[in-house]
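To start, the structure under review is shown below, and the notes come after it.
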Amino acid sequence: VTGLLLAIAVGAPLGLLLARLPRLRVAFEDYIMMLYATPMVALIPFILSLLGFGFTPKALVVFLFAVFPVLYNTVEGARSIRPELVEVARAFRSNEWELWRDVMIPYTLPFTMTGIRQAIARGLVGMVAAEFFLSPSGLGQMIMMGSQNFDTAGMLAAILVIVLIGVALMDFGRYLENRFAAWRGYTR
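Numbering (the numbering used here), first residue to last: 866 to 1053.
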């Protein structure tokens, strides 16, 4: 949960900044794309050697899996704001804060919520992958131990629990999306 919350706390504001400040976007877009294209599972051994076992490396793995959907959906949402909306806000003498509060954030919110739903799914994958490598216990470790001991029933039980957690989290993400972004008509 910590890695996911951190991904939202970093991805959404950074996405708004990248969309609002073209020079910043141009300066960092290639690096962000490079990180997004990196198979995050490949970074887990590096994170292990850097941070060892424990809570922090697992949270970092979940963060890396989850931050990019939030970031990119927020950027695309903010970049899709019609220029006329900004012009109208400026005509009414909106300062920068009012522009963000009244135009940027509300218009971008449905896109960000979609990114959060995607981040929930990717974060779950990151959590399981992190448990494979970084945890002496947990569902990922149960799957690994079941695989090594040919315990098919144990593996399937852990996989079923992960599936149920994933379904519950996706339903929660859909609830949040409908709660905070349904007014735009972009959600089901």
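All C-beta atoms, glycine included, are put in the ideal place defined by N, C-alpha and C.
- In this structure M905 is in contact with G991, their Cβ atoms being roughly 6 Å apart against a cut-off of 8 Å.
- Contact between L936 and G876 holds, since their C-beta atoms are separated by about 4 Å, short of 8 Å.
- In terms of CA proximity to L999, P910 leads the group F976, L889, P910.
- In this structure, the straight-line span from the alpha carbon of M1010 to that of T1017 is close to 10 Å.
- When DSSP states are grouped into helix, strand and coil, I946 belongs to the coil group.
- Annotation for L964: A954 place their beta carbon closer than 6 Å to its own, counting only its chain and skipping 5 residues before and after.
- Each residue's CA atom was taken as its position, placing M1007 and I897 some 34 Å apart.
- Inter-residue distance for R1039 and L871 is about 19 Å (C-alpha atoms, whole angstroms).
- Contact annotation, L1041 with A1023: C-beta distance approximately 27 Å; criterion of less than 8 Å not satisfied.
- Within the same chain, F933 come within 7 Å of Y901 by CB-CB distance, once the 5 residues on both sides are set aside.
- Burial is judged here by how many other beta carbons sit within 10 angstroms of a residue's own beta carbon; P887 has fewer than 16 and is exposed.
- If you check the CB distance, A943 and A874 do not come in under 9 Å.
- Across the structure, N1043 and Y972 are spaced so that their CA atoms are roughly 15 Å apart.
- Classified as exposed, V1026 has fewer than 16 neighbouring CB atoms from the shown chains inside 10 Å of its CB.
- Burial is judged here by how many other beta carbons sit within 10 angstroms of a residue's own beta carbon; T903 has fewer than 16 and is exposed.
- Distance from the CA of F920 to the CA of L989, rounded to the nearest whole angstrom, comes to 15 Å.
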